[in-house]
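Peer 1:
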Amino acid sequence: MAEFSIPSTNLLAQRYHRVLEISRDLASTLDLDILLQRIVQAAADVCDASAASILLYDDAKQELYFQAATNLTEPLMRGLVVPMDSLAGWIVRNRQPVIINDVRNDRRHFAQISRNTNFLTHSLLGVPLIAKDKAIGALEAINKKTGKFTDEDRDVLNILGAQAAVAIENSRLFQQSDLISEFVHELRTPLGSIATAAHLLERPELLEDQRQRLLGTIQGEARRLSELATSFLDLARLESGRAQYHLEHVDLAALLDECQVIMRNKALEKQQMLRVDVPPHLPEITADGSKLKQVLLNLLSNAIKYTPEGGHILLKAEVDDQEVRISVQDTGRGIPPEGMNNLFQKFYRVPGSEKMAQGTGLGLSICKKIVEGHGGSIDVESEVGQGTTFTVHLPR
Ligand SMILES: Nc1ncnc2c1ncn2[C@@H]1O[C@H](COP(=O)(O)OP(=O)(O)OP(=O)(O)O)[C@@H](O)[C@H]1O
Ligand SMILES: [Mg+2]
37 MAEFSIPSTN LLAQRYHRVL EISRDLASTL DLDILLQRIV QAAADVCDAS AASILLYDDA
97 KQELYFQAAT NLTEPLMRGL VVPMDSLAGW IVRNRQPVII NDVRNDRRHF AQISRNTNFL
157 THSLLGVPLI AKDKAIGALE AINKKTGKFT DEDRDVLNIL GAQAAVAIEN SRLFQQSDLI
217 SEFVHELRTP LGSIATAAHL LERPELLEDQ RQRLLGTIQG EARRLSELAT SFLDLARLES
277 GRAQYHLEHV DLAALLDECQ VIMRNKALEK QQMLRVDVPP HLPEITADGS KLKQVLLNLL
337 SNAIKYTPEG GHILLKAEVD DQEVRISVQD TGRGIPPEGM NNLFQKFYRV PGSEKMAQGT
397 GLGLSICKKI VEGHGGSIDV ESEVGQGTTF TVHLPR
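Quick note, the numbering used here runs 36 ahead of the 1-based positions in the sequence shown.
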């Protein structure tokens, strides 16, 4: 009962102190996913709320995305587009906090998230996230544990929100500069090849087939640059939390068949056998179908690229109570132990890969981000000279 003897001004001072402590912790977190999770935990904590969530605003698209929440074990909702006429949209547009002690009576309440999470919102306190004078999102504390949200709660959450916004901006800038310097580094090789080839082309004594080969180099490297740019943008969007996930019911059997059809010719060119193995009653899953397809196509394209002519490739789905597993198995060159540790690193390619096929080394990083964005994971087993199996695990 000691709490009751502390005067309320002291309690308030304690709360501010706690926010300051948390802010320090936030400022040192540069991984955006971890940061967002810490922010929502802190928001629920300092407001004595059952849950909290964070939404980020994409200025270019003028859309608001659901990003993280304390009451979600899996980030399936991540990237869900929330309408601008919702409460969170109101907070971002007006750059003002909101306290609503009965959400159901408010027209602006966006019920879809509640529906998707089976979580009922009764009361809500939301503050705008403002960084460098721009509204970058909203932070919401949901369902006060006892009583109602007060003006004091609002002030405390406002301070946390201001610190959180700065931390989010910092983390984005850090990731961007990191990614950009790696990208620029990767640009050098193809640009260098193009410059050299163009220079050599000027020589009058070149034979026709030498000229053709140089032209081929230029075209190939230009294609590589363009692929690099596309993959780079994909990854940058995924890493900054600006990627949108359009969730829908996905018929897995149909999706796997579609992937097989798309990749069939590539496999045929190398006389490889590409098979699909799907159990009869696969359940529908909730996922972003086109992102999932991107994952499977990259895994299949890897299997084809890094398997010699005549090899076998199997695309397989399995299901149990917990999860759906989709695996891509090949009889290719396999991956040596030192490669296994680096596979999911940006731009990493196992030495010698460039002799087998072109690539940017970004495919698996993108796959991993997308699968994790669905609350799943991806792993790999491989034996040099025998083959490789990548498995995507998705929670049901
Ligand atoms: N099935 C596989 N068998 C053997 N090695 C593989 C396989 N899949 C991936 N790798 C190795 O992992 C590296 C990284 O794969 P990733 O998909 O990220 O890049 P990439 O295929 O080289 O380029 P991109 O996918 O961007 O075109 C590859 O370069 C290759 O060395
Ligand atoms: Mg690849």
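A virtual CB, placed ideally from N, CA and C, is assigned to each residue, including glycine. Remember, predicted model here, so these are calculated numbers, not experimental data.
Tell me the rounded alpha-carbon separation between Ile204 and Asn141.
Peer 2: The straight-line gap from Cα to Cα measures roughly 32 angstroms.
Peer 1: According to the Cβ coordinates, are Ala88 and Ala177 closer than 7 angstroms?
Peer 2: In contact: Ala88 and Ala177 (Cβ atoms closer than 7 angstroms).
Peer 1: Any idea if His221 is buried or exposed, counting beta-carbon neighbours within 10 angstroms, 16 or more meaning buried?
Peer 2: Burial call: exposed.
Peer 1: Run through DSSP, which three-state label would Ile406 get?
Peer 2: In the structure shown, Ile406 sits in a helix (DSSP, three-state: H, G or I).
Peer 1: How many whole angstroms separate the CB atoms of Gly370 and Gln307, which I take to be in contact at a CB cut-off of 8 angstroms?
Peer 2: About 20 angstroms separates the two Cβ atoms, so there is no contact after all.
Peer 1: Within the present structure, is the beta-carbon of Gly252 separated from the nearest heavy atom of ligand 2 by less than 6 angstroms?
Peer 2: Outside the cutoff, so no.
Peer 1: Could you name the residues that DSSP lists as bridge partners for Leu160?
Peer 2: According to DSSP, Leu160 bridges with Ile136 and Ile178.
Peer 1: Near Ala433, which residues of its chain fall below 6 angstroms by C-beta distance, leaving aside the five closest residues on each side in sequence?
Peer 2: Look at the range of the chain in this structure, 37 to 432, and you will see that residue 433 is not part of it.
Peer 1: Can you tell me which of Arg129, Asp67, Gln77 and Leu336 puts its alpha carbon nearest to the alpha carbon of Asp36?
Peer 2: What the structure shows of the chain is the stretch from 37 to 432, and residue 36 is not part of that stretch, so it cannot be assessed.
Peer 1: Is Asp67 helix, strand or coil by DSSP?
Peer 2: Coil, per DSSP.
Peer 1: Could you compute how far the alpha carbon of Gln103 sits from the alpha carbon of Leu72?
Peer 2: Gln103 and Leu72: Cα-Cα distance of roughly 8 angstroms.
Peer 1: List the DSSP bridge partners of Ser89.
Peer 2: For Ser89, which the question treats as bridged, DSSP gives the partners Ala105 and Glu176.
Peer 1: For Ile58, name the three-state secondary structure that DSSP assigns.
Peer 2: Of the three classes helix, strand and coil, the one that applies to Ile58 here is helix, per DSSP.
Peer 1: Please list, in chain order, all residues of the same chain as Leu100 whose beta carbon is under 8 angstroms from its beta carbon, the five residues on each side excluded.
Peer 2: Contacts found: Leu91, Leu92, Tyr93, Asp94, Val117, Val118, Pro119, Met120, Ser122, Ala124, Gly125, Val128, Gly173 and Ala174.
Peer 1: Take Asn46 and list the residues in its own chain whose beta-carbon comes closer than 8 angstroms to its own, dropping the five residues that flank it on each side.
Peer 2: Counting only Cβ-Cβ distances below 8 angstroms, and skipping sequence neighbours, we find nothing.
Peer 1: Could you spell out the range, first to last residue, of the alpha helix (DSSP H) harbouring His348?
Peer 2: His348 -> not in any alpha helix (DSSP H); beta strand (DSSP E) instead, spanning His348 to Val355.
Peer 1: Kindly indicate which three-state DSSP category Pro226 falls into: helix, strand or coil?
Peer 2: Pro226: helix per DSSP, three-state reduction.
Peer 1: One question on the structure: do Ile362 and Val420 come within less than 7 angstroms of each other, judged by their Cβ atoms?
Peer 2: Their beta carbons are not under 7 angstroms apart, which means Ile362 does not touch Val420 by this criterion.
Peer 1: Can you list the residues near ligand 2, meaning Cβ strictly closer than 6 angstroms to any non-hydrogen atom, in the order they appear in the chain?
Peer 2: Working through the chain, the matches are Asn334, Ser337, Asn338, Gly395 and Gly399.
Peer 1: Please classify Asn301: is it buried, with 16 or more other beta-carbons within 10 angstroms of its beta-carbon, or exposed?
Peer 2: Asn301 comes out exposed.
Peer 1: Along the chain, where does the alpha helix (DSSP H) containing Ser337 start, and where does it finish?
Peer 2: First-last of the alpha helix (DSSP H) with Ser337: Gly325 to Lys341.
Peer 1: Kindly indicate the opening and closing residues of the beta strand (DSSP E) around Val297.
Peer 2: Premise fails: Val297 lies in the alpha helix (DSSP H), Leu288 to Glu305, not in any beta strand (DSSP E).
Peer 1: For Lys181 versus Asp84, is the C-beta spacing smaller than 7 angstroms?
Peer 2: Yes, they are a contact pair.
Peer 1: Does Ala80 pass the burial test, meaning 16 or more other C-beta atoms within 10 Å, or should it be called exposed?
Peer 2: That one is buried.
Peer 1: Exposed or buried, what is Phe210 when buried is set at 16 or more other beta-carbons lying within 10 Å of its beta-carbon?
Peer 2: With fewer than 16 Cβ atoms within 10 Å of its Cβ, Phe210 is classed as exposed.
Peer 1: Are there any heavy atoms of ligand 1 lying less than 6 angstroms away from the beta-carbon of Ser262, as far as the coordinates show?
Peer 2: Answer for Ser262: no, Cβ out of range of ligand 1.
Peer 1: Along the chain, where does the beta strand (DSSP E) containing Arg361 start, and where does it finish?
Peer 2: First-last of the beta strand (DSSP E) with Arg361: Glu359 to Asp366.
Peer 1: Can you find a heavy atom of ligand 1 that lies under 6 angstroms from the Cβ of Leu237?
Peer 2: Result no, Cβ not under 6 angstroms from ligand 1.
Peer 1: Going by Cα to Cα distance, which pick from Pro315, Ser159, Val202 and Gly162 is closest to Lys170?
Peer 2: Closest by alpha carbon: Val202.
Peer 1: Specify whether the segment 327-346 and the segment 288-298 touch according to this definition: at least 3 beta carbon pairs, one from each stretch, less than 8 angstroms apart.
Peer 2: With a cut-off of 8 angstroms, the segment 288-298 and the segment 327-346 count as touching, because enough Cβ pairs lie within range.
Peer 1: Apply the 10 Å Cβ neighbour rule to Arg432 and answer buried if 16 or more other Cβ atoms are within range, or exposed otherwise.
Peer 2: Label assigned to Arg432: exposed.
Peer 1: Which residues share a DSSP beta bridge with Val416?
Peer 2: Val416 is bridged to Phe426.
Peer 1: Check Ala38 in the structure and name its three-state DSSP category.
Peer 2: Model confidence at Ala38 stands at a pLDDT of 44, short of 50, so the residue's coordinates are unreliable; what they give is reported in the following sentence. Here Ala38 sits in helix by DSSP.
Peer 1: What are the start and end residues of the beta strand (DSSP E) that includes Ile313?
Peer 2: At residue 313 the sequence reads Asp, which differs from the Ile that was named. It spans Met309 to Asp313 - the beta strand (DSSP E) in which Asp313 sits, taken as one unbroken run.
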